[in-house]
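Visitor: Chains as they are written, first to last, in this note's numbering: chain A, 1 to 334; chain B, 1001 to 1319.
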Ligand SMILES: [Zn+2]
């Protein structure tokens, strides 16, 4: 039992004169069941400090954590034709869309921003699973295209965080057409000689995996993310057998040669900074004066061998020359 | 033996009666029933025309999946001279779900790729019902590259329920294989003409159809998800497939209006399965037209046209 649960929580409960803590202050880790104070969870980028379980994170929180000094500019995205097919199932698509927009205060499932990562000007797009399961429709396709064009115009690498249940069925064939459209976006970045890095997050499935999420120069995944074309249930129905534990998870894909690395979210910033500086032929990131590197000189610092990446987050020092993630590492290191 | 679809019951009766009469006449040549037979046949034809003039999206789905519908091999046999199959992805295996090889279309060398569903139990199993594995897409990438190197147009036939959702397929990177195939379609500097001849099922179809010119047969379908799959997710009831088929807008006519496809090839009355030769001829003419559009195009112009076409999609919806 750690100090948050044993000390802070009872104290808070007394203070607020209640037994049950409200949902917005304490979050139960769905993996290990530990209660986590919401601020601690935010600081650890929605990664459980106890077991390393990666929970969903908003694009904004990702941008805050990734970009140098947490400074970034949102890239304005086009607003595509609303409900091109006049689709309705038991509900009208426009109503579903309106609800999602209201609930999340976002236009659609992909956000894009620019800023610097490790001093390298970078465009980052992040898919928001909370918005209609991150599904890929016109808006997502247009967002990727806009982000790619911005990257080309600014001669900046393009980093994309994927998270989606697949294509947005309510846009019918036009959602399917986002596969070639997003592929064209990737081609533009590659033709400009710029890196395209994909970070796959839980879950990335269907047409999203089968297009832009599998075309990165470097393929990174968050731990234990479901990454697949056909979902496990569909496969089980087809082959009529139970699938093995861990099937289609990040670590499984790494073993099968589909990824370069599986990396804890809290290590994304230093990992990306290092990769982008290498790919853009930049010298190692200069250490900040007040925070000199604690261990080896930067030039000798290498990425940990893929096999050795622990399920638990790496200690802060392993980033070497890179600055530590913006927040203090949480419990597992303590 | 013709397989009748559920909405063809009335038709089956008329045609059955006509056949009975013809059988009677064969037994007793003295019987003069030519008029009645002709009348029944005329009636059946009118009925057939009526049904097919107002086929619902679900009706078209059934026609597109009709077991007697001509498949890729029928088109290859009817349209490609000197067809020379080429096999294997050079990595893992050969995928029999994908017909692939060199040949001549109207005298001109081309590369041919297409999903083949099979036509009886044995061939269906052999072809995995037209559901490709990663090897199929990687073979396609290899052969598109070859076509690009030798300046050969690529002709694809699309007829698949989707990419195979199997354990091995996922293990070997189904998603990546599809992504690379789509990427290659968009990359090559030779004309790519795709024809949806039956079922254009999702990512497994688009991997062959990111083309300069996309044709659909009149009663074929092209969709992000099967109507049954969509119904079970959005309606939570796979029996609502008819509604889903309508809502998804999967018909050639709707896709043409949306600017997603470039041409619709007419089918013989009552669907391609009633007259294979006519269907093959219609597809041949449509491919020829597609190739003619791009005769003399430079490599860069071909890529540019593909790009601009796909980027422009979605600008107009359906009313
Ligand atoms: Zn936990």
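For glycine and all other residues, C-beta sits at the position ideal for the given N, C-alpha and C.
Going along chain A in order, which residues have a C-beta closer than 9 Å to the C-beta of residue 1232 of chain B?
Guide: Locating residue 1232 of chain B in the second chain gives position 232, where the first residue counts as 1. Within 9 Å Cβ-Cβ: nothing; residue 1232 of chain B doesn't reach chain A, min ~11 Å.
Visitor: Of the residues that make up the region 1162 to 1173 of chain B, which ones have a beta carbon closer than 7 Å to any beta carbon in chain A?
Guide: Going along the region 1162 to 1173 of chain B in chain order, one finds 1163, 1165, 1166, 1167, 1170, 1171, 1173 with a Cβ nearer than 7 Å to chain A.
Visitor: Using three-state DSSP, classify residue 1086 of chain B as helix, strand or coil.
Guide: Reading the second chain from its first residue, position 86 is the one you call residue 1086 of chain B. Three-state result, residue 1086 of chain B: coil.
Visitor: Mind checking who residue 1160 of chain B pairs with in its DSSP beta bridge?
Guide: In the second chain, counting from the first residue as 1, residue 1160 of chain B sits at position 160. DSSP, once it has assigned bridges, lists B:1200 as partnering residue 1160 of chain B.
Visitor: Please list, in chain order, the residues of the region 1135 to 1147 of chain B that have any C-beta partner in chain A closer than 9 Å.
Guide: Within the region 1135 to 1147 of chain B, no residue has a Cβ that lies closer than 9 Å to any Cβ of chain A.
Visitor: Rounded to whole angstroms, what is the Cα-Cα separation between residue 1031 of chain B and residue 1016 of chain B?
Guide: What you label residue 1031 of chain B is simply residue 31 of the second chain in a count that begins at 1. What you label residue 1016 of chain B is simply residue 16 of the second chain in a count that begins at 1. Whole-angstrom Cα-Cα distance: 19 Å.
Visitor: Beta-carbon within less than 6 Å of residue 1284 of chain B's beta-carbon, same chain only, minus the 5 sequence neighbours each way: which residues are those?
Guide: Along the second chain, one-based indexing puts residue 1284 of chain B at 284. 1079.
Visitor: How would the residue list near ligand 1 read, in chain order, if you kept each one whose beta-carbon is closer than 6 Å to any heavy atom?
Guide: For ligand 1, the selected residues are A:29, A:31, A:32, A:34, A:48, A:50, A:51, A:53.
Visitor: Any C-beta of chain B within less than 9 Å: which residues of the region 250 to 261 of chain A qualify?
Guide: Hits within the stretch, in order: 252, 253, 256, 257, 258.
Visitor: Taking the runs of the beta strand (DSSP E) that are 3 residues or longer, which of them lie wholly in the region 47 to 125 of chain A?
Guide: Qualifying beta strand (DSSP E) stretches, in chain order: 72 to 74, 110 to 117.
Visitor: Between residue 98 of chain A and chain B, is the shortest Cβ-Cβ distance under 8 Å, so that the two count as touching?
Guide: Residue mapping note: residue 98 of chain A aligns to position 98 of the first chain, counting from 1. So, not an interface residue.
Visitor: Beta-carbon of residue 210 of chain A versus every beta-carbon of chain B: anything under 8 Å?
Guide: Here residue 210 of chain A corresponds to residue number 210 of the first chain, with the count starting at 1. By this cut-off, residue 210 of chain A is an interface position.
Visitor: Using the beta-carbon of each residue, which ones in chain B are nearer than 7 Å to residue 86 of chain A?
Guide: On the first chain, residue 86 of chain A is found 86 positions in, with the first residue counted as 1. Under the 7 Å cutoff, chain B gives 1318.
Visitor: Compare the C-alpha of residue 1003 of chain B against each of B:1065, B:1096, B:1202 and name the closest.
Guide: Translated into positions along the second chain, residue 1003 of chain B becomes position 3. Here the closest residue by C-alpha is B:1065.
Visitor: Closest by CA to residue 1127 of chain B, which one among B:1181, B:1292, B:1245, B:1072?
Guide: One-based indexing of the second chain puts residue 1127 of chain B at position 127. Nearest C-alpha to residue 1127 of chain B: B:1072.
Visitor: Could you tell me the boundaries of the alpha helix (DSSP H) in which residue 1150 of chain B lies?
Guide: As a working note, residue 1150 of chain B is residue 150 in the second chain. Looking at the DSSP string, the run of the alpha helix (DSSP H) that includes residue 1150 of chain B is 1134 to 1150.
Visitor: Give every residue of the same chain whose Cβ lies closer than 8 Å to the Cβ of residue 1173 of chain B, excluding the five residues on either side of it in the sequence, and list them in chain order.
Guide: Start at 1 with the first residue of the second chain, and residue 1173 of chain B comes out as number 173. If we look at residue 1173 of chain B and ignore the five residues flanking it on each side, its Cβ neighbours are 1134.
Visitor: Tell me which residues share the same chain as residue 1005 of chain B and place their Cβ nearer than 6 Å to its Cβ, disregarding the 5 neighbours each side in the sequence.
Guide: Counted from its first residue, the second chain places residue 1005 of chain B at position 5. The answer, listed in chain order, is 1062.
Visitor: Hey, is residue 1310 of chain B's beta-carbon within less than 8 Å of any beta-carbon in chain C?
Guide: Included in the structure are the protein chains A and B, with no chain C among them.
Visitor: Would you decide whether residue 239 of chain A is buried or exposed? Buried here means 16 or more other CB atoms lie within 10 Å of its CB.
Guide: Position 239 of the first chain, counting from 1, holds the residue named residue 239 of chain A. Its Cβ having fewer than 16 others within 10 Å, residue 239 of chain A is exposed.
Visitor: Any idea what DSSP makes of residue 328 of chain A, helix, strand or coil?
Guide: Here residue 328 of chain A refers to the residue found at position 328 of the first chain. Confidence is the limiting factor: at residue 328 of chain A the pLDDT is only 37, short of 50, which leaves the residue's position unreliable, though a coordinate-based value still follows. Residue 328 of chain A falls in the coil class under three-state DSSP.
Visitor: Pick from A:211, A:171, A:193, A:90: whose alpha carbon is nearest that of residue 1186 of chain B?
Guide: Looking up residue 1186 of chain B in the second chain gives position 186. Nearest of A:211, A:171, A:193, A:90 to residue 1186 of chain B, Cα basis: A:211.
Visitor: In angstroms with no decimal places, state the Cα-to-Cα distance between residue 309 of chain A and residue 190 of chain A.
Guide: By 1-based counting over the first chain, the position of residue 309 of chain A is 309. By 1-based counting over the first chain, the position of residue 190 of chain A is 190. Its pLDDT being 39, under 50, residue 309 of chain A is placed unreliably by the model, and nothing is read from it.
Visitor: Please go through the same chain and pick out, in chain order, the residues whose beta-carbon is closer than 7 Å to the beta-carbon of residue 1141 of chain B, but skip the five residues on each side of it.
Guide: For the purposes of this step, residue 1141 of chain B is identified with residue 141 of the second chain, where counting begins at 1. Result list for residue 1141 of chain B: 1180, 1181, 1184, in chain order.
Visitor: Considering only C-alpha positions, which residue in the set B:1091, B:1107, B:1147, B:1103 is nearest to residue 1136 of chain B?
Guide: On the second chain, position 136 is the one that residue 1136 of chain B refers to. That would be B:1091, whose Cα lies nearest to the Cα of residue 1136 of chain B.
Visitor: Ordered along the chain, which non-local residues of its own chain (more than five positions away) have a Cβ less than 8 Å from that of residue 38 of chain A?
Guide: Stepping through the first chain from its first residue, residue 38 of chain A is reached at position 38. Within the same chain, residue 38 of chain A has close Cβ partners 24, 25, 26, 27.
Visitor: Please list the partners that residue 238 of chain A has in chain B, where partner means a Cβ-to-Cβ separation under 7 Å.
Guide: On the first chain, residue 238 of chain A is found 238 positions in, with the first residue counted as 1. Within 7 Å Cβ-Cβ: 1165, 1166.
Visitor: Determine whether the beta carbon atoms of residue 1219 of chain B and residue 1271 of chain B lie at a separation below 8 Å.
Guide: Mapped onto the second chain, residue 1219 of chain B falls at position 219. Mapped onto the second chain, residue 1271 of chain B falls at position 271. Contact: yes.
Visitor: Apart from the five residues on each side of it in sequence, which residues of its chain come closer than 6 Å, Cβ to Cβ, to residue 56 of chain A?
Guide: Counting from 1 along the first chain, the entry for residue 56 of chain A is found at position 56. Excluding residues within five positions, the ones whose Cβ falls inside 6 Å are 129.
Visitor: When DSSP labels each residue in this structure, what does residue 1175 of chain B get in the three-state scheme?
Guide: Start at 1 with the first residue of the second chain, and residue 1175 of chain B comes out as number 175. Residue 1175 of chain B: helix per DSSP, three-state reduction.
Visitor: Pull up the CB-CB distance for residue 235 of chain A and residue 1060 of chain B, whole angstroms please, since I reckon it's below 8 Å.
Guide: Taking the first chain and counting its residues from 1, the one referred to as residue 235 of chain A is at position 235. Taking the second chain and counting its residues from 1, the one referred to as residue 1060 of chain B is at position 60. Going by Cβ atoms, the distance from residue 235 of chain A to residue 1060 of chain B rounds to 28 Å, so no, they are not a contact pair.
Visitor: So residue 269 of chain A is in the alpha helix (DSSP H); what residue range does that whole segment cover?
Guide: As a position in the first chain, residue 269 of chain A is number 269, starting the count at 1. Element bounds for residue 269 of chain A: 268 to 279.
Visitor: Find the residues of chain B that neighbour residue 358 of chain A, judging by a C-beta separation of less than 9 Å, and give them in chain order.
Guide: For residue 358 of chain A there is no data in the structure shown, the boundaries of chain A being 1 and 334.
Visitor: By how many angstroms is the C-alpha of residue 1067 of chain B removed from the C-alpha of residue 66 of chain A?
Guide: By one-based count along the first chain, residue 66 of chain A stands at place 66. By one-based count along the second chain, residue 1067 of chain B stands at place 67. Roughly 54 Å between the two C-alpha positions.
Visitor: Decide if residue 1019 of chain B is buried, meaning its Cβ has at least 16 other Cβ atoms within 10 Å, or exposed.
Guide: As a working note, residue 1019 of chain B is residue 19 in the second chain. Exposed.
Visitor: Answer yes if the region 167 to 183 of chain A comes into contact with the region 1216 to 1234 of chain B, meaning at least three C-beta pairs across the two stretches below 8 Å, and no otherwise.
Guide: Judged by Cβ distances under 8 Å, the region 1216 to 1234 of chain B makes contact with the region 167 to 183 of chain A, as three or more pairs qualify.
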